[in-house]
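Be aware that the sequence shown starts at 101, since it is given in this note's numbering, and climbs by one per residue. Here a beta-carbon is modelled for each residue, glycine too, at the ideal position from N, C-alpha and C. What you are looking at is a predicted structure, and each value in this text was computed from that prediction instead of being measured.
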Amino acid sequence: MRVSRTQEPFSDTDVSTKDEIRIGILGFGTVGQGTWKHLSENAESLERILGVRLEPVRASVRDLSKERGVAIPADRLTTDSQSIVDDPSIDVVCELIGGVDEARELTMRAFANGKHVVTANKALICEHGEELFEAAEKADVRYAFEASVAGGIPIIKVLRESLVANEFPLIYGILNGTSNYILTRMEREGLDFEAVLADARELGYVEADESLDLDGIDAAHKAVILAYLAHGMWFPIEDMSIEGIRRISPEDLQAARELDCKIKLIAVIRRNFENNHVSAGVYPALVPMREVIARTNGVYNGVSVTGTVAGTTVLTGRGAGQDPTASSVVGDVVDIVKSITGAAPPPKLLHVTPNECAPAAAREVTGSFYL
Ligand code: NAP
Ligand code: HSE
Numbered sequence: 101m102r103v104s105r106t107q108e109p110f111s112d113t114d115v116s117t118k119d120e121i122r123i124g125i126l127g128f129g130t131v132g133q134g135t136w137k138h139l140s141e142n143a144e145s146l147e148r149i150l151g152v153r154l155e156p157v158r159a160s161v162r163d164l165s166k167e168r169g170v171a172i173p174a175d176r177l178t179t180d181s182q183s184i185v186d187d188p189s190i191d192v193v194c195e196l197i198g199g200v201d202e203a204r205e206l207t208m209r210a211f212a213n214g215k216h217v218v219t220a221n222k223a224l225i226c227e228h229g230e231e232l233f234e235a236a237e238k239a240d241v242r243y244a245f246e247a248s249v250a251g252g253i254p255i256i257k258v259l260r261e262s263l264v265a266n267e268f269p270l271i272y273g274i275l276n277g278t279s280n281y282i283l284t285r286m287e288r289e290g291l292d293f294e295a296v297l298a299d300a301r302e303l304g305y306v307e308a309d310e311s312l313d314l315d316g317i318d319a320a321h322k323a324v325i326l327a328y329l330a331h332g333m334w335f336p337i338e339d340m341s342i343e344g345i346r347r348i349s350p351e352d353l354q355a356a357r358e359l360d361c362k363i364k365l366i367a368v369i370r371r372n373f374e375n376n377h378v379s380a381g382v383y384p385a386l387v388p389m390r391e392v393i394a395r396t397n398g399v400y401n402g403v404s405v406t407g408t409v410a411g412t413t414v415l416t417g418r419g420a421g422q423d424p425t426a427s428s429v430v431g432d433v434v435d436i437v438k439s440i441t442g443a444a445p446p447p448k449l450l451h452v453t454p455n456e457c458a459p460a461a462a463r464e465v466t467g468s469f470y471l
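Here it is as structure tokens:
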């Protein structure tokens, strides 16, 4: 199968003759391993959809001796991230190391080398988004960041594409899985903060710098990204009122329950259309139980988007963790590959498992719905 796209400045072959797209992964932690795993496990179905094979080829780490949950040949791992962004045979780089300075340098270098970049790094986009988007545009490459907000929920695509006819007076919701997981278990099981935090770490939800999660900063980074998508402005994070969950006690959570509310760490982005002023903040708030957001529990995130045309749409789903986040990364890789191969939208729905399904007989169908 042949694919065609524009010639990249740092490519060793004419890409129009390629039958595979090679992917380099910076960071082989929670998200990096998930991305490698799902690119590998779904290789056949993705090839069926794209007409070209996606090949994860190399990944970088800090410590080669660390045990990894996802096994890859030792010669595919390196401590030299730069060698991945400089590798002329790699077409797409997934930046999954986290942090800001090194991630920024590697991303800029990848762009300069003509590589498309997918990231889950909300801190980086919040701090340097403007510069990075400009650099990607200048280099004529794509910079995709679905995984940076709300894990597996496709909120970026929904705001950019599906709700493009709307303006947004209000976007609010739960944007941090770790905090919501902690509050939910503290409330349901009466556990203390530290015990639940240890479980959240174990599950791969928590940032390397965990104050980002616990002090509301990670949710604020995500709110900045949503505000940019919704209103075209980079909201200064220093002008945001930000508070995390450290001061919430089990007694507060019980008291909220008696008011038929839940305490949730919510991000709120409002626009006043009379003067076009935007406000943004992150803080614990009492949310009435009638709201979907109040019933969004555990690691789930929930985003309520009020659009001027569509009205209110609420999206919920897993906001952190290996698989949901990798789902968003792989989705971005697929979008990029479609754009670089120039694949036109298919005339009919292309499915990953065509011709494999048949209708179930009524006797096979069981469920727990009471009518
Ligand atoms: P992680 O588990 O800590 O993994 C980071 C990986 O990057 C590790 O493999 C680490 O190597 C490697 N690394 C760090 N600095 C490096 C460097 N300078 N050179 C080479 N390798 C380096 O982090 P994560 O949870 O996967 O998060 C990655 C990114 O995704 C972050 O931006 C995070 O905010 C974002 N994100 C995470 C989640 C989630 O649920 N975890 C969800 C959405 C977005 P070692 O393993 O050798 O230490
Ligand atoms: N630490 C983040 C969270 C990961 O708990 O929401 C997902 O961005």
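Proximity test, residue i beta-carbon vs ligand 2 heavy atom, cut-off 7 Å
| i | result |
| --- | --- |
| residue 251 | yes |
| residue 406 | no |
| residue 277 | yes |
| residue 313 | yes |
| residue 344 | no |
Backbone secondary structure at residue i - three-state DSSP
| i | result |
| --- | --- |
| residue 367 | strand |
| residue 453 | coil |
| residue 463 | helix |
| residue 120 | strand |
| residue 418 | strand |
| residue 426 | helix |
| residue 239 | coil |
| residue 203 | helix |
| residue 441 | helix |
| residue 308 | coil |
| residue 250 | coil |
| residue 229 | helix |
| residue 327 | helix |
| residue 109 | Low local confidence applies: a pLDDT of 43 at residue 109 is under 50, so the model's placement there is unreliable, with the coordinate-based value given in what follows. Coil at residue 109, not helix or strand. |
Any non-hydrogen atom of ligand 1 closer than 7 Å to residue i Cβ
| i | result |
| --- | --- |
| residue 307 | yes |
| residue 162 | yes |
| residue 210 | no |
| residue 221 | yes |
| residue 131 | yes |
| residue 128 | yes |
| residue 326 | no |
Strand pairing of residue i, partner residues [DSSP]
| i | result |
| --- | --- |
| residue 411 | 407 |
| residue 194 | 125 and 218 |
| residue 342 | 382 |
| residue 270 | 370 and 406 |
| residue 361 | 388 |
| residue 213 | Paired residue(s): none; residue 213 is not in a bridge. |
| residue 377 | 372 |
| residue 397 | None, per the DSSP bridge assignment. |
| residue 178 | 160 |
| residue 244 | 218 |
Nearest residue (CA-CA) to residue i, options the options
| i | options | result |
| --- | --- | --- |
| residue 173 | 136, 468 and 200 | 136 |
| residue 334 | 180, 258 and 229 | 229 |
| residue 440 | 138, 126, 132 and 151 | 151 |
| residue 370 | 149, 311 and 340 | 340 |
| residue 277 | 268, 287 and 304 | 304 |
| residue 414 | 181, 270 and 435 | 270 |
| residue 119 | 189, 128 and 166 | 189 |
| residue 211 | 232, 265 and 426 | 232 |
| residue 185 | 236, 421, 167 and 217 | 217 |
| residue 166 | 154, 158, 156 and 179 | 179 |
| residue 344 | 363, 163, 419 and 197 | 363 |
| request: Pick out the complete beta strand (DSSP E) segments inside the region 128-175, 3 residues or longer, and give them in chain order. | output: Along the region 128-175, the beta strand (DSSP E) occurs as fully enclosed runs of 3 or more residues at 153-160, listed in sequence order.
| Taking the runs of the beta strand (DSSP E) that are 3 residues or longer, which of them lie wholly in the region 257-306? | Whole beta strand (DSSP E) segments, 3+ residues: 270-274.
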